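Here the structure comes first, spelled out in structure tokens, and everything after it is commentary.
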Amino acid sequence: MTSHLSIIAPGLLGASVAKAAHERKLAGRVSIWARRAEVRRAITQQPWCAAAPEALADSVREASLVVIAAPVTHIVPLICELAPQLPAGAIVTDVGSVKGEICRDAHAALVGTHAHFVGSHPMAGSEKTGWEHAQADLFEDRTCFVTPLIESDRHATETVSRFWQALGAKVVQTTPTAHDEIVAHISHLPHALAATLCAALGRKDANWPAYAGGGLRDTTRIAGSDPQLWRTIFEQNRDAILRALDHFEAELCGFRAALAAKDYDALTDTLARGRHYRQQF
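Under the working numbering, the first residue of the sequence shown is numbered 668, with each subsequent residue one higher.
Okay, structure coming up:
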């Protein structure tokens, strides 16, 4: 699909993109840029990496498709840094879980360069981090949002969509604003709930975790993710997450009120609605 795929910042997602693209023969050449020298040395030993140059400019100078897989706060600064080195017609996308500000600033950074930016967010990942955990099938049957602006290049949008589809993802095109509202509820809110539940339980008897069954493990799995990574997500999508928390708080208050009033019919209704929603997955 692309002559030269360049991956910037090969964590779990970036390395998985490289591994999947290599196995599916979607790129003639895959180069990877990492800030740390020891990561570059290790990456070059992998069959899915043709080169890992030290300089960011050398990684993108001949690239036809660039995937920025850095934390959300680093995405726009990296694009600003590499913009002068991009060849005409190059397409840049990312994997950031917040899209509004990133899409606007990244598009602006490439105006006048003859390169194009189209935002992406694959709904895939793990509580495990690092390129060592890369999986070629990480995107298989997972939703991937593609979030063009009104002024985004149509060909670039189609190319980015086809690329994620070729990696096995189910592509959904929407606006950056709509994306941020959706993921605030279905991704960021669940993480907030899992983390605060664990934080609350952490104030109880230290022996309690030893008694836990599968329910607590399933409910809190994502609380094991990197706190600094999630701090940046909560910072960048603050307003939408606050709305999601308000929505959940109203539901939780209704549940508490029903329990306090011994209104077990209302309680059962909430449990039934929750079960119905879960069965749609």
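Ideal Cβ placement from N, Cα and C applies to all residues, glycine included. Quick caveat, the model's predicted, so the values are computed rather than measured.
_Judging by CA-CA distance, which residue of G786, V759 and P754 is the nearest neighbour of I769?_
G786
*Span separating the alpha-carbon of A709 from that of L672*: 19 Å
*Are W897 and H858 close, meaning C-beta to C-beta below 8 Å?*
yes
*How far does the alpha helix (DSSP H) with G881 in it reach, from first residue to last?*
G881 to T887
_Using only CA atoms, which one of K766, A782 and Q713 lies nearest to V733?_
A782
*Once you ignore the five residues that flank A925 on each side, which residues in its own chain have a CB closer than 6 Å to its CB?*
A933 and L934
*Could you spell out the range, first to last residue, of the beta strand (DSSP E) harbouring P789?*
G786 to P789
*Per-residue burial, G869 [other beta carbons within 10 Å of its own, 16 or more giving buried]*: exposed
*When the Cβ atoms of the region 678–689 are set against those of the region 787–800, are three or more pairs found closer than 8 Å?*
yes
*G792 burial status per 10 Å Cβ neighbour count (16 or more: buried)*: buried
*asked:* Any beta carbon from chain C within less than 8 Å of L745's own beta carbon?
replied: The chain inventory of the structure shown lacks chain C, comprising one protein chain alone.
*Where in the region 907–947 do unbroken runs of the alpha helix (DSSP H), each at least 4 residues long, occur, reported from the N-terminal end onward?*
931–946
*Return the chain-ordered list of same chain residues with a C-beta closer than 6 Å to the C-beta of S828, the five sequence neighbours on each side being excluded.*
V813 and V838
_Exposure label - K929; buried when at least 16 CB within 10 Å_ = exposed
_Residue closest to C747, alpha-carbon to alpha-carbon, out of D772, G756, I889 and I758_ = D772
*Could you check what DSSP says for L816 in three-state terms: helix, strand or coil?*
coil
*Taking the Cβ atom as the reference point for each residue, do S726 and A757 lie within a distance shorter than 8 Å?*
no
*Please state whether DSSP places K795 in a helix, a strand or coil.*
coil
*Just tell me which of H689, A737 and L693 has its CA closest to the CA of W700.*
A737
*Note down the Cα distance separating P744 from A873, rounded to an integer number of angstroms.*
43 Å
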